[in-house]
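Chemist:
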Amino acid sequence: MSPPPAVAAVRPFELACPRLDAERVGNGATPGVWHFDAGLPGRHVLLTALIHGNELCGAWALKDALAAGLRPRRGKLTLAFCNLAAFDRFDPLNYAPARFVDEDMNRVWSADKLASPDTQERRRARALLPWVEQADWLLDFHSMSNADEPLQLTGTQPRNIELALKLGNPAHLVADAGHAAGVRLRDYGRFGAEGENGTRSLLIECGFHGAPTVARDILARFLLEAGTLAADDIPPGWLADAAPRQRALRVTHAVAARSADFRFAQPWQGLERIARAGTVIGWSDGEPVATPYDDCVLIMPSLANLRPGVTVVRLAQPI
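Going from the sequence shown to the working numbering is simple: count from 1 and add 754.
(1) Which stretch, first to last residue, makes up the alpha helix (DSSP H) that contains W814?
(2) Around the Cβ of I915, are there at least 16 other Cβ atoms within 10 angstroms (buried) or fewer (exposed)?
(3) Under the DSSP definition of a beta bridge, which residues are partnered with C1050?
(4) Could you pull out every residue in the same chain whose Cβ sits closer than 6 Å to the Cβ of G782, ignoring the five residues on either side in sequence?
(5) So what's G1063 in DSSP terms, helix, strand or just coil?
(6) Any heavy atom of the ligand NAP closer than 7 Å to the beta-carbon of E1041?
(7) Does the beta-carbon of Y942 have 16 or more other beta-carbons within 10 angstroms, so that it is buried, or is it exposed?
(8) Going by beta carbon distance, what residues of the same chain come within less than 7 Å of D971, once the five residues before and after it are set aside?
(9) Quick one: what's got a C-beta closer than 8 Å to A934's C-beta in the same chain, skipping five residues either side?
(10) With burial defined as no fewer than 16 other Cβ atoms inside 10 Å of the residue's Cβ, what is the status of R853: buried or exposed?
(11) Checking the sheet assignment: what are the DSSP bridge partners for V928?
(12) A1031 and D1048: beta carbons closer than 8 Å?
(13) According to the neighbour-count rule (16 or more other Cβ atoms, all chains shown, within 10 Å of its Cβ), is G807 buried or exposed?
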C-alpha cells in the first residue's frame, strides 16, 4: 500500500532572538568564548551553545550567566557561543536555514573532518578545539523542531547516565550512540572514551526551540554538581523543581532517511510508546518502517532537516 502524503509542519518560533553584540566578542583570543579561572584546583567546565545557529535557548542561558556575573569558585569555567555565522542568518519566519552554513556542526567532531577545514563549521570547530580538549566536563545546549518535552542525551557511557540521574532534571534521559553521519561534540575524543577518565558530557535538548527556563535550570544543576558554583551563587528562580521521577531510555535503532522520500504514518511528537512490534510508523522510499519490538518508544521524530543520511527518528526501550 502506498503511503499517504505528508508534510513536515513548521511550528512558529516563539523564543526571541538574543542580541549578542557584546557576548560574541569574548574575553580572549577566540571570538565568542568567555573563560574564567578561579585560581584554585577544580574541574574545567565547558558550556556550549549555538552549535546549531537556530537553537537559541542555550545562547540565552549563557548570556544570562554572563549578565549575572557567574564565576567559578574552583577550577575553570568556559562559555562558548559556537556557530555565530549560522546564528547571524536567523530569521524567525524561516529558521531552518540558520541551523548551519555549510554542514551540521554537530557532525564534524572527528579527526578526519577536523583535519579538512573546507567548511565554515569545521573551521569554527578547529578554533574551539583547544577549549574542548582542555575541558573535563561538557554541557552542550540544544533544542528541537517539534517536541516540547526536554530530553537529556547522555550517550552510552555509564558515567554520563549516572550524572544525568544526579542532576534530577529533566524527567527523560536518552542513552544514544550518536549519528552515522558524524561525531557529535558530546562524544569527541576522551568524552566518548569508555571507562572512568574523569570526563562527563551531556547534551540537553531543551524542548521546542527551546525553553530558556529549562536551559538555566540544567546549567545551574550542572555547575553545582561539578563544584564550580555554590548554592548561593545561583540567581533566584533559575532552579526548577526536580522531576518527580526520571525515566532512562536506551536507543537501539536510529532510522535515517535514504532519500527525501520519507513520510511518517502520523505526526509523531516524540516519547510515544508503541505497544506492538511490527507497527508501521512511517515509510522510507515507499517501504514501511516498523517498530522492532513491543513497547517501543519514539525519540525525536522530525522531518525538519530531511535529506539523505539524516536521522529522522530513534527507537528506544527502557533501561
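The C-beta atom is built at its ideal place from N, Cα and C for all residues, glycine as well.
Modeler: Considering the structure as presented:
(1) Along the sequence shown, read from residue 1 onward, the residue named residue 814 stands at position 60. Bounds of the alpha helix (DSSP H) holding W814 are 811-821.
(2) Within the sequence shown, numbered from 1, the residue matching residue 915 stands at position 161. Its Cβ being crowded by 16 or more others within 10 Å, I915 is buried.
(3) Position 296 of the sequence shown, counted from the first residue, corresponds to residue 1050. Looking at the DSSP assignment, C1050 forms a beta bridge with I1028.
(4) In the sequence shown, the residue the question calls residue 782 occupies position 28. Hits under 6 Å: H789.
(5) Stepping through the sequence shown from its first residue, residue 1063 is reached at position 309. Looking at G1063 - three-state DSSP - the assignment turns out to be coil, as it is neither helix nor strand.
(6) Inclusion of the ligand NAP in the displayed structure is not the case, the ligand content being empty and no account of it being possible.
(7) As a first step, residue 942 must be located in the sequence shown, where it is residue number 188. It counts as buried.
(8) In the sequence shown, counting from the first residue as 1, residue 971 sits at position 217. Excluding positions up to five away in sequence, the list reads N923, W992, L993, A994.
(9) What you label residue 934 is simply residue 180 of the sequence shown in a count that begins at 1. Result list for A934: A1008, A1010, G1063, T1065, in chain order.
(10) By one-based count along the sequence shown, residue 853 stands at place 99. Classification for R853: buried.
(11) Position 174 of the sequence shown, counted from the start, is the residue given in the question as residue 928. Answer by DSSP bridge pairing, in chain order: L907, L1003.
(12) What you label residue 1031 is simply residue 277 of the sequence shown in a count that begins at 1. What you label residue 1048 is simply residue 294 of the sequence shown in a count that begins at 1. Contact: yes.
(13) In the sequence shown, counting from the first residue as 1, residue 807 sits at position 53. The residue is buried, with at least 16 neighbouring Cβ atoms inside 10 Å.
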